Amino acid sequence: MQDINAALPLDGLHFELLSEGRMQTFVDFIADYFFPDMPLGKSLGVVADDSLKEIMKVRFSEYLSLILIDESSDEIIGIRTAHTLPRSWQLNTDEIKDKNKITLLKFYSQKHNEKNVFKRFCVNVAIQFVNLFVRPDFRERGLGCKLTEAALMFFSQFAIEMPCITGVGTSGHAQRIFEKIWV
Numbered sequence: 195m196q197d198i199n200a201a202l203p204l205d206g207l208h209f210e211l212l213s214e215g216r217m218q219t220f221v222d223f224i225a226d227y228f229f230p231d232m233p234l235g236k237s238l239g240v241v242a243d244d245s246l247k248e249i250m251k252v253r254f255s256e257y258l259s260l261i262l263i264d265e266s267s268d269e270i271i272g273i274r275t276a277h278t279l280p281r282s283w284q285l286n287t288d289e290i291k292d293k294n295k296i297t298l299l300k301f302y303s304q305k306h307n308e309k310n311v312f313k314r315f316c317v318n319v320a321i322q323f324v325n326l327f328v329r330p331d332f333r334e335r336g337l338g339c340k341l342t343e344a345a346l347m348f349f350s351q352f353a354i355e356m357p358c359i360t361g362v363g364t365s366g367h368a369q370r371i372f373e374k375i376w377v
């Protein structure tokens, strides 16, 4: 992370990999800021209750999450989460009881299946970006782009060539960041 922080210097901020010590704060950050900002989730009434927070802890312990830290408060102010996605991946909602959450996940899964990056780009594994969020009081500073840039730099350290990357912009803010970077 030192190389990434040096390449993308941000005054008073730094990137970290999510650690077990910050997991609860990370999950609370997503519950407090990410879910209420997601239009589709809002329309379905999805909230990050305690059962979803427990599921998130398990899932995010398996994913790579870059967090952006405000050095003056030591608080998380931004997140970029990704994971490897094998061609054989299938949605599993067995542990989720809330029908609205299942509907939301099935919708995103359907969008993933329609894109079929594996067939389109002839790959067996892709990197899926699943969460991008910057706290509202830190927006409009280009930090979402910096989080995505940092994630791309991190993954490029392990790949011989740039990996296939997929994802969905689940909020208007995330959509604009994707458009700025990849259009």
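Residue numbers (my numbering): 195 to 377. No residue lacks a Cβ here, since even glycine has one placed at the ideal position from N, Cα and C. Here the structure is a predicted model, which means the values were calculated and not measured.
- Relative to the Cα of N294, the nearest Cα in the group F220, L212, G235 belongs to G235.
- By the Cβ test, the stretch 258–272 is in contact with the stretch 211–219, since at least three Cβ pairs between them sit closer than 8 Å.
- Straight across, the Cα-Cα distance linking K251 with M195 is about 22 Å.
- Burial state of F352 is exposed, judged by a 10 Å Cβ sphere holding fewer than 16 other Cβ atoms.
- Between the stretch 322–341 and the stretch 263–277, the count of C-beta pairs closer than 8 Å reaches three or more; the two stretches touch.
- The alpha-carbon separation between E343 and L299 amounts to approximately 26 Å.
- Assigned with DSSP and collapsed to three states, T287 falls in coil, not helix or strand.
- Buried is the label assigned to A276, since at least 16 other Cβ atoms lie within 10 Å of its Cβ.
- In the DSSP assignment, P280 forms a beta bridge with V319.
- When secondary structure is reduced to three states using DSSP, S259 falls in the strand class.
- Burial of G338 is indicated by the presence of at least 16 other C-beta atoms within 10 angstroms of its C-beta.
- Listed in chain order, the non-local C-beta contacts of L202 below 8 Å within the same chain comprise F209, K340, E343, A344, M347, local neighbours out to five positions each way being set aside.
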